[in-house]
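Undergrad: The structure under discussion is supplied below as structure tokens; questions concerning it will follow.
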Ligand SMILES: Cc1ncc(COP(=O)(O)O)c(C=O)c1O
């Protein structure tokens, strides 16, 4: 153990949601898309010539960047690709924060942010949401050694959103880059992509795992000022995206018809689920993501999680120190959600 750096010795590590490899579960615990990706993606992957697998992949994921640039209306040199958006978050912390530096993040938020700080040996500074999931100006207050600020929008676990005007204000006030993690943004009403053009310190990260149903493929991208992108590309692994993921993600981002239909379906199931769970006594903030954050005044959420698991329904029990606990439940297919809603009353 003494071989390790002190911060690695004391590292708790990131705890991913359960991924059972055997048995049949209704899986509502890690915010994957409830549906399989479209045939266009599978066909594109099947069409990859074997010779291409014997060669290294394109280090710049040029095909994806060109396709995404057209779909998103940005220049391709504003885009950097990663092995999931987690890879991009790692690159960002590595690039901006060293030992003795501070990375600020919103809390409760994505639990990977503190782990990345621990690995890097920099200080993580959580800034708490208000109880109604709004964020006050302390998030953008200046501080010595502050090198990076990160927030997820929509946030996890709450699914709530801060408005673009507030994000812009944060970017203007912060003395460092601001990362807006938009992993769930396709299920929301607005996004911050247009702001990247206006603010050189704003970086938006996106995931193909959620709205494009490609969590198993591992692909994400960020959009930022080209000067930042060029520097960040020096920090990434040279071949951080493999050939199959580049091909699959390119086909996925081009299949806008599938994405639009899928998003609308999930949003409609989300409304139905929100209403039914509220009627069962769960308190749920307004979610603009593909999951709901469900708490109860009787505090019995861990018990409910365990009972659901025995019935082979997996949801995510989350406990945030000095904040509270709850269940984060992914919006599944209609039959999956029906099964959950049918069994829950017997557990309350
Ligand atoms: C807020 C947030 N950001 C990023 C990610 C990572 O997504 P990816 O699968 O693209 O690495 C997740 C995954 O659950 C997430 O919840």
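Residue numbers (our numbering): 148 to 495. Every residue gets a Cβ at the ideal spot worked out from N, C-alpha and C, and that includes glycine.
To the nearest angstrom, report how far apart residue 233 and residue 314 are at their CA atoms.
TA: For the purposes of this step, residue 233 is taken as the residue at position 86 of the chain shown. For the purposes of this step, residue 314 is taken as the residue at position 167 of the chain shown. Take the alpha-carbon of residue 233 and the one of residue 314: they are about 21 Å apart.
Undergrad: Output the distance between the C-alpha atoms of residue 296 and residue 285, rounded to the nearest integer angstrom.
TA: Indexing the chain shown from 1 puts residue 296 at position 149. Indexing the chain shown from 1 puts residue 285 at position 138. Taking the straight line joining both Cα atoms gives about 12 Å.
Undergrad: Which class does residue 317 belong to by DSSP, given the choice of helix, strand or coil?
TA: Residue mapping note: residue 317 aligns to position 170 of the chain shown, counting from 1. Collapsing the DSSP output to three states places residue 317 in a helix.
Undergrad: Who sits around ligand 2, taking every residue whose Cβ is closer than 6 Å to one of its heavy atoms?
TA: Although ligand 2 was asked about, the structure shown includes only ligand 1 as ligands.
Undergrad: Starting from residue 173, trace the beta strand (DSSP E) in both directions and tell me its first and last residue.
TA: As a position in the chain shown, residue 173 is number 26, starting the count at 1. Note, residue 173: beta strand (DSSP E), 173–175.
Undergrad: Quick check for students: name the residue ranges of the alpha helix (DSSP H) that lie wholly in the stretch 178–214, counting only runs of 4 or more.
TA: Listed in chain order, they are 186–193, 197–201.
Undergrad: On the three-state DSSP scale, how would you describe residue 470?
TA: Here residue 470 refers to the residue found at position 323 of the chain shown. Here residue 470 sits in coil by DSSP.
Undergrad: From the DSSP output, in three-state form, read off residue 346 for me.
TA: Start at 1 with the first residue of the chain shown, and residue 346 comes out as number 199. Three-state DSSP puts residue 346 in coil, outside helix and strand.
Undergrad: Three-state secondary structure (DSSP) at residue 465?
TA: Locating residue 465 in the chain shown gives position 318, counting from the first residue. If DSSP states are grouped into helix, strand and coil, residue 465 belongs with the strands.
Undergrad: Relative to the alpha-carbon of residue 396, which residue among 456, 311, 210 has its alpha-carbon at the smallest distance?
TA: Locating residue 396 in the chain shown gives position 249, where the first residue counts as 1. When each option's Cα is compared against that of residue 396, the closest is 210.
Undergrad: Give me the Cβ distance between residue 332 and residue 353, rounded to the nearest whole Å; I'm assuming they're in contact under 8 Å.
TA: Here residue 332 refers to the residue found at position 185 when the chain shown is read from its first residue. Here residue 353 refers to the residue found at position 206 when the chain shown is read from its first residue. With a Cβ gap of about 7 Å, residue 332 and residue 353 count as contacting.
Undergrad: Starting from residue 252, trace the beta strand (DSSP E) both ways and give me its first and last residue.
TA: Numbered from its first residue, the chain shown carries residue 252 at position 105. Per DSSP, residue 252 belongs to the beta strand (DSSP E) from 249–254.
Undergrad: Is residue 405 helix, strand or coil by DSSP?
TA: Taking the first residue of the chain shown as position 1, residue 405 is located at position 258. Helix.
Undergrad: Taking contact to mean at least 3 C-beta pairs separated by less than 8 Å, is the stretch 383–397 in contact with the stretch 200–207?
TA: yes
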